[in-house]
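There are 2 protein chains.
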Amino acid sequence: MSGARQPSFRIGELSARCGRSVHAIRWYEAQGLIPGVLRDTGGRRVYNTRHVGWLTLMERLRITGMSVAQMRHYTQLVVQGRSTLAERRRMLAEHRRAVEARIADYRRALALIDRKIGFYEEWIDSGQRPDDPIAPDKPH
Amino acid sequence: MSGARQPSFRIGELSARCGRSVHAIRWYEAQGLIPGVLRDTGGRRVYNTRHVGWLTLMERLRITGMSVAQMRHYTQLVVQGRSTLAERRRMLAEHRRAVEARIADYRRALALIDRKIGFYEEWIDSGQRPDDPIAPDKPH
DNA sequence: GCTTGACCTCGAGTGCGCTCCAGCACGTTC
DNA sequence: GAACGTGCTGGAGCGCACTCGAGGTCAAGC
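Chains as they are written, first to last, in UniProt numbering: chain W, 1 to 140; chain S, 1 to 140.
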């Protein structure tokens, strides 16, 4: 390890620091999403600040919709070392594209929702039902 | 109903027109997400173009993360008629805010992912492992 | 040396949103 | 009148990502 001694802590502290439950952290490890977790003499998991950063990355990938299977694959690449650098970059770039595409979908959906909101606004203001903004009310 | 006779069709056609499985459409109806579906003499569901529009709206709400329970609530408001116009507008506006917030989360996550991609790029180009962009590689 | 609290493993349970299947009915075509 | 395509109902099953609980271990403090 490099130079200065890293402060280490156990799972309760990691849980507090990154806002995930201890159950979730252990489950992530069991899924192969947290490599290199050492144990103390009592068999308890020991972490340091690098793990906080790693879990932060995992969380960002998760909330942007990467599946656990893909995250596992990415983690395996990391474990394999430098030979997988290009593949890791490719994976993240690909994921980035997928997220941008989803945002674009959201924007399209919002456009429709906005038209519907405008439709309600006009109806409320005028007291007269306006023309349908593509998606009609009450489909009978 | 209003003026001109609407062309009507059955569930297979609706499925083809809006790209959902017949199973999914029946399930949506059972969940209270498609009000006012009439039957022909043989007991088969009959739809018209208004249903296509309605399902389009439902799909947009779904893909932007509205839960089925919320969609059911919204549908009930629509069925109740004009007295719920303001509440419907409120629901959609609230949902809109939630979607915008999620997009903002995505953008924050993408910022981290971009730093990580840049990190890999630099590492690949220079052959030297650069400083960590917050989330470190290999947490051992 | 006993209590306390944090941690351990293993496995079952949960909520969501479908998806699929069995078994049956209808109605058009040959 | 038999076959075929399309539709019906009710209910079981599924994939995902956790979440929780039972039952036990360990070590620090009193």
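Each residue gets a CB set at the ideal place from its N, CA and C atoms; glycine is no exception. This one's a predicted model, so the numbers in the text were calculated from it and none came from an experiment.
A direct Cα-Cα distance of roughly 12 Å separates I117 (chain W) from L57 (chain S). With 16 or more neighbouring CB atoms inside 10 Å of its own CB, A109 (chain S) falls in the buried class.
Relative to the Cα of G43 (chain S), the nearest Cα in the group S:R102, S:W123, S:R10 and S:A93 belongs to S:R10. For I63 (chain W), the enclosing alpha helix (DSSP H) covers residues T49 to I63. The three-state secondary structure of R45 (chain W), taken from DSSP, is strand. As DSSP reads the structure, F9 (chain W) sits in a beta bridge with W:Y47. In the three-state DSSP reduction, L38 (chain S) falls in the strand class (E or B). For R60 (chain S), the chain W residues whose C-beta falls within less than 7 Å of its own C-beta are A109, L112 and I113, listed in chain order. Among the residues facing chain W, W27 (chain S) is not included, as its CB has no counterpart in that chain under 8 Å away.
Distance from R115 (chain W) to P133 (chain W) at the Cβ level is roughly 4 Å; contact confirmed, criterion being Cβ atoms closer than 8 Å.
If you look at M66 (chain W), you'll find it isn't in any alpha helix (DSSP H); DSSP assigns it neither H nor E.
The beta-carbon of R97 (chain W) is placed no less than 8 Å from the nearest beta-carbon of chain S. Between Y74 (chain W) and chain S, the shortest Cβ-Cβ separation is not below 8 Å. CA-CA distance, R129 (chain S) to E87 (chain S), rounds to 56 Å. For D125 (chain W), the uninterrupted alpha helix (DSSP H) segment begins and ends at L85 to S126. An exposed status is given to L38 (chain S), since fewer than 16 other beta-carbon atoms sit within 10 Å of its beta-carbon.
In terms of Cβ geometry, V22 (chain S) and G12 (chain S) form a close pair [threshold 8 Å].
DSSP, read as helix, strand or coil, puts R129 (chain W) in coil. The beta-carbon distance between M71 (chain W) and L14 (chain W), rounded to whole angstroms, is 18 Å. This is too long to meet the 8 Å contact definition.
Note on geometry: alpha-carbon atoms of L85 (chain W) and R26 (chain S) lie some 47 Å from one another. When the five nearest sequence neighbours on each side are left out, the beta carbons in the same chain lying within less than 6 Å of the beta carbon of S8 (chain W) are those of V46 and N48, in order along the chain.
In terms of beta-carbon proximity, R10 (chain W) stays away from the interface with chain S, with every pair separated by 8 Å or more. No Cβ-Cβ contact shorter than 8 Å links C18 (chain S) with V68 (chain S). Taking C-beta atoms as the reference points, R20 (chain S) and L55 (chain S) count as a pair closer than 8 Å. Around the beta carbon of T64 (chain W), 16 or more other beta carbons sit within 10 angstroms, so the residue counts as buried. Leaving aside the five residues that flank V99 (chain S) on each side, the residues in its chain whose CB is nearer than 8 Å to its CB run, in chain order, T64 and G65.
Rounded to the nearest whole angstrom, the C-alpha separation of Q31 (chain W) and T75 (chain W) is 10 Å.
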